[in-house]
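Novice: Submitted below is the structure of interest, expressed as structure tokens.
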Amino acid sequence: MAEALPPFQVFLDEHLAPVRAFLRGMVGPHDAEDCLQETFLAALRAYPRAEPRNLRAWVLTIARRKAIDHHRSRSREAKPVADPETLIDRPGGRGEGSLQAGLGMSPRHSSIWAAVAELPPGQRAAVVLRFAVDLRYREVGEALGTSEEAARRNVHEALKKLRASAGELKEMAR
Amino acid sequence: MSEFVDRLVARASEEGLLDVAYATVDTPLGEAAVAATPRGLVRVALPNEGVDRMLARLAADVSPRILEYPARLDEARRELEEYFEGRRDHFELQLDWRLSHPGFYRKVLRATSRVPFGEVISYREAAERAGNPRAFRAAGTALSLPSAAPA
């Protein structure tokens with residue numbers, strides 16, 4: 064074994080905040096915590112077989128699968144995926160970590176995140192990873208199993224749609 | 009610890025996914041740490057070793073499925089605290105011996121773990137009690153390796 068896996072506790076401490084930010088963007092804060100539990104429990108189960116070189120991409124892949132499962136079980140219940148209001152963090156909520164800033168935590172941003180919820184899943188994941196988790200395009204690609212170029216294109220397409228539905232996105236498109 | 013992590017660790021333990029649990033212990037010498045598998049106490053890190061190094065070694069030697077879970081180490085922490093407060097001179101903990109080298113080294117550790125508190129024996133005597141009086145150098149080596157058996 065060339066590279067050793069860090070103790071799971073170390074892995075958890077490092078990746079909890081970014082994975083939480085990703086899932087909040089993918090399923091909304093209400094359901095993010097449940098998906099987060101499922102993600103890290105699945106990660107713990109599979110951990111001895113994990114690829115130590117890119118654990119972030121590995122755990123984000125698990126998280127994305129959990130988000131897809133979540134949407135599937137939701138659509139069976141025929142409920143909307145994300146209500147704009149639920150994407151606004153309530154003060155004193157159980158959120159922690161510093162990555163919420165990019166997640167539309169002010170009412171001004173809620174319309175944007177309602178539009179994010181309407182995006183096709185691949186574009187949604189890419190735009191959330193780019194702006195809520197603050198990954199570079201190369202890292203977005205690694206997490207989604209696509210090339211850097213495809214990641215860039217997905218984010219670009221997503222931003223185009225978002226610009227069309229909300230006029231206040233320019234500040235995000237750094 | 010956050011509510012999220014508490015819930016995760018409890019579920020991991022229930023589902024048998026927690027191979028190693030650890031906790032830190034304040035001692036007069038600094039922060040020590042104890043680690044246990046489901047079989048028993050597997051490792052003690054004295055302050056000079058440090059928690060991070062202990063965890064890295066456990067990840068390599070036992071399993072990377074390691075989480076901080078003080079509840080599983082209540083008894084070990086209590087006995088260590090009492091020991092450092094001078095209220096305890098022997099330990100009653102279940103031990104997981106897997107990190108001690110099998111064979112003679114392990115026999116030496118088992119023999120020295122039966123030496124009563126405050127009594128000193130030589131490496132030669134340790135070797136003798138482990139069944140090979142001439143192997144006193146090996147006994148010295150055995151006792152310089154990190155393991156959980158408290159002397």
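For the protein sequence lines, the chains are A and B, in the order given. My numbering applies: residue 64 is where the first sequence begins, and numbers increase by one. My numbering applies: residue 9 is where the second sequence begins, and numbers increase by one. Glycine included, each C-beta is placed from N, C-alpha and C at the ideal position.
(1) Could you compute how far the alpha carbon of F74/A sits from the alpha carbon of P184/A?
(2) Excluding sequence positions up to five away, which residues of its chain have a Cβ less than 6 angstroms from the Cβ of F144/B?
(3) Give the DSSP bridge partners of V52/B, in chain order.
(4) In three-state DSSP terms, what is L101/B?
(5) Please check if any C-beta of chain A sits within less than 8 angstroms of the C-beta of R85/B.
(6) Relative to the C-alpha of V59/B, which residue among E76/B, R47/B, L49/B is closest?
(7) Would you call the region 209 to 224 of chain A in contact with the region 107 to 123 of chain A, where contact means no fewer than 3 C-beta pairs closer than 8 angstroms?
(8) Should P70/A go down as buried or exposed, given a rule of 16 or more other Cβ atoms within 10 Å for buried?
(9) With DSSP collapsed to three states, give me the class of D179/B.
(10) Going by DSSP, what residues sit across from V33/B in a beta bridge?
(11) Please specify which runs of the beta strand (DSSP E), each continuous and at least 3 residues long, are wholly inside the region 59 to 93 of chain B, giving them in chain order.
(12) Run down chain A in chain order and give the residues with a C-beta less than 7 angstroms from the C-beta of A79/B.
(13) Contact check, A146/B vs F112/B under 8 angstroms by CB: the rounded distance?
(14) Where does L37/B land, buried or exposed, given buried means 16+ other C-beta within 10 angstroms?
(15) By DSSP, does G156/A sit in helix, in strand, or in coil?
(16) Find the nearest neighbour of D76/A within the set R87/A, D97/A, F103/A, L86/A, judged by alpha-carbon distance.
(17) Does DSSP put V28/B in a helix, a strand or coil?
(18) Within the chosen definition, does the region 119 to 139 of chain A reach the region 40 to 49 of chain B through at least 3 CB pairs nearer than 8 angstroms?
(19) For a test of the three-state rule: what should DSSP assign to R137/B, helix, strand or coil?
(20) Quick one, are the C-beta atoms of P72/B and Y110/A less than 8 angstroms apart?
(21) Against chain A, does S71/B count as a neighbour if the rule is that its beta carbon must be under 8 angstroms from one of theirs?
(22) How long is the line joining the alpha carbons of D69/B and V50/B, rounded to whole angstroms?
(23) Measure the C-alpha to C-alpha separation of E23/B and R108/A and round it to an integer number of angstroms.
(24) Would DSSP call A20/B helix, strand or coil?
(25) Spatial neighbours of A105/A within its chain, please: C-beta separation below 6 angstroms, excluding the five flanking residues on both sides.
(26) Residues in the region 109 to 135 of chain A with C-beta within 7 angstroms of chain B's C-beta atoms, listed in sequence order?
(27) According to DSSP, is G88/A part of a helix, a strand, or is it coil?
(28) For A180/A versus L192/A, is the C-beta spacing smaller than 8 angstroms?
(29) Can we count T32/B as close to the ligand HEM, meaning its CB is less than 7 angstroms from some heavy atom?
(30) Against chain A, does A159/B count as a neighbour if the rule is that its beta carbon must be under 8 angstroms from one of theirs?
(31) Give, in chain order, every residue of the region 99 to 133 of chain B whose Cβ lies closer than 9 angstroms to some Cβ of chain A.
(32) Beta carbons nearer than 7 angstroms to chain A: which residues of the region 34 to 51 of chain B have them?
(33) Report the residue from G88/A, A80/A, Q100/A, A178/A whose alpha carbon sits nearest the alpha carbon of L16/B.
(34) Contact criterion: CB-CB distance below 8 angstroms. Does A53/B meet it with respect to chain A?
Specialist: This is what the structure gives:
(1) For this step, residue 74/A is matched to residue 11 along the first sequence. For this step, residue 184/A is matched to residue 121 along the first sequence. Approximately 26 angstroms between the Cα atoms of the pair.
(2) Your numbering for residue 144/B matches position 136 in the second sequence. Closer than 6 angstroms at the Cβ level, and outside the excluded window around F144/B, lie Y131, R132, A135.
(3) The residue labelled residue 52/B in the question sits at position 44 within the second sequence. DSSP output for V52/B lists V42/B as bridge partner(s).
(4) As a first step, residue 101/B must be located in the second sequence, where it is residue number 93. Of the three classes helix, strand and coil, the one that applies to L101/B here is coil, per DSSP.
(5) If you number the second sequence from 1, residue 85/B lands on position 77. R85/B does not count as touching chain A.
(6) As a position in the second sequence, residue 59/B is number 51, starting the count at 1. For V59/B, the nearest C-alpha among the options comes from E76/B.
(7) A contact is defined here as three or more CB-CB pairs under 8 angstroms, and the region 209 to 224 of chain A fails this definition with respect to the region 107 to 123 of chain A.
(8) Position 7 of the first sequence, counting from 1, holds the residue named residue 70/A. Classification for P70/A: buried.
(9) The question about residue 179/B has no answer, for chain B in this structure spans 9 to 159.
(10) The residue you call residue 33/B lines up with position 25 of the second sequence. DSSP lists A40/B as partners of V33/B.
(11) 74 to 76
(12) Locating residue 79/B in the second sequence gives position 71, counting from the first residue. Correct list: empty, because the minimum Cβ distance to chain A is about 15 angstroms.
(13) Taking the second sequence and counting its residues from 1, the one referred to as residue 146/B is at position 138. Taking the second sequence and counting its residues from 1, the one referred to as residue 112/B is at position 104. Confirmed, about 6 angstroms.
(14) Taking the second sequence and counting its residues from 1, one reaches residue 37/B at position 29. Result: exposed.
(15) Locating residue 156/A in the first sequence gives position 93, where the first residue counts as 1. A caution first: G156/A carries a pLDDT of 39, below 50, which makes its placement in the model too unreliable to give a value.
(16) As a position in the first sequence, residue 76/A is number 13, starting the count at 1. Out of R87/A, D97/A, F103/A, L86/A, F103/A has the C-alpha closest to the C-alpha of D76/A.
(17) Locating residue 28/B in the second sequence gives position 20, where the first residue counts as 1. It is a strand residue.
(18) no
(19) As a first step, residue 137/B must be located in the second sequence, where it is residue number 129. Here R137/B sits in helix by DSSP.
(20) If you number the second sequence from 1, residue 72/B lands on position 64. If you number the first sequence from 1, residue 110/A lands on position 47. The answer is yes: Cβ separation under 8 angstroms.
(21) By one-based count along the second sequence, residue 71/B stands at place 63. Cβ-Cβ to chain A under 8 angstroms: yes for S71/B.
(22) Residue numbering aside, residue 69/B sits at position 61 when the second sequence is read from its first letter. Residue numbering aside, residue 50/B sits at position 42 when the second sequence is read from its first letter. Their backbone Cα atoms lie some 11 angstroms apart in a straight line.
(23) In the second sequence, the residue the question calls residue 23/B occupies position 15. In the first sequence, the residue the question calls residue 108/A occupies position 45. Within the model, the alpha-carbon separation for E23/B versus R108/A is close to 9 angstroms.
(24) Working through the second sequence from its first residue, we reach residue 20/B at position 12. Three-state result, A20/B: helix.
(25) The sequence position of residue 105/A within the first sequence is 42, counting from 1. Result list for A105/A: I125, in chain order.
(26) Y110, P111
(27) By 1-based counting over the first sequence, the position of residue 88/A is 25. Residue state, collapsed to three classes: helix.
(28) For the purposes of this step, residue 180/A is taken as residue 117 along the first sequence, with counting starting at 1. For the purposes of this step, residue 192/A is taken as residue 129 along the first sequence, with counting starting at 1. Their beta carbons are not under 8 angstroms apart, which means A180/A does not touch L192/A by this criterion.
(29) For the structure depicted, the ligand HEM is absent and the ligand set is empty, with no information on it obtainable.
(30) Residue 159/B sits at position 151 when you count from the first residue of the second sequence. Residue confidence for A159/B is low, a pLDDT of 42 falling below 50, so the modelled location carries little weight; the figure read from the coordinates is stated next. So, not an interface residue.
(31) none
(32) none
(33) On the second sequence, position 8 is the one that residue 16/B refers to. Distance check between L16/B and each of G88/A, A80/A, Q100/A, A178/A places Q100/A closest, using alpha-carbon atoms only.
(34) Here residue 53/B corresponds to residue number 45 of the second sequence, with the count starting at 1. Not one chain A Cβ lies under 8 angstroms of A53/B.
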